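Q: According to the working numbering, numbering within the sequence shown proceeds without interruption in unit steps and concludes at 176.
I'd like to ask you about the structure that follows.
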Amino acid sequence: MPDLGSLLTLEYGEAMPAEARSGHGFPVFGSNGEVGRHGKFLVAEPGIIVGRKGSVGKVTWSDESFWPIDTTYWVKCASEDRRWIYWVLTALPEFRESAKIFKNMTL
């Protein structure tokens with residue numbers, strides 16, 4: 070069985086202050102889930118968001134393109150593995166604990 074590092078990478082989200090969000094369009098995710106909407110997206114497909122600050126290690130799914138803000142990571146992986154990886158990450162307490170270790174490190 071492959072290790073997670075061979076299946077995915079954790080990419081940093083980008084800042085999107087609340088006052089800059091349009092209020093409609095694509096979901097904007099913070100470490101604790103959806104925090105708003107905006108007319109542009111950063112990730113152009115459904116995907117996985119992982120809390121990096123605040124709710125460290127919390128795993129969230131987006132059914133559509135989305136903008137992960139700078140308190141999160143987003144998971145880069147093969148599209149055919151994405152949903153499976155989401156379920157694995159939500160079930161692994163080890164992942165949530167290791168996310169706490171890596172919360173301020175560059176991956």
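For each residue, glycine too, the CB sits at the ideal point set by N, CA and C.
Quick caveat: nothing in here was measured; it's all calculated off a predicted structure.
Do T140 and K122 have their C-beta atoms within less than 8 Å of each other?
A: yes
Q: Among residues of its own chain, excluding the 5 on either side of E103, which ones have a beta-carbon nearer than 6 Å to its beta-carbon?
A: Closer than 6 Å at the Cβ level, and outside the excluded window around E103, lie P96.
Q: Do three or more CB pairs link the segment 103-119 to the segment 145-154 at distances below 8 Å?
A: yes
Q: How would you call S100, buried or exposed, if buried means at least 16 neighbouring beta carbons within 10 angstroms?
A: buried
Q: Can you give me the Cβ contacts of L77 inside the same chain, cut-off strictly under 7 Å, excluding the 5 residues immediately before and after it?
A: V144, K145, C146, I154
Q: Looking only at C-alpha atoms, which of G82, F110, P162 sits nearest to I118?
A: G82
Q: Would you kindly report the start and end of the unbroken beta strand (DSSP E) that includes I154?
A: Premise fails: I154 lies in the alpha helix (DSSP H), 151-160, not in any beta strand (DSSP E).
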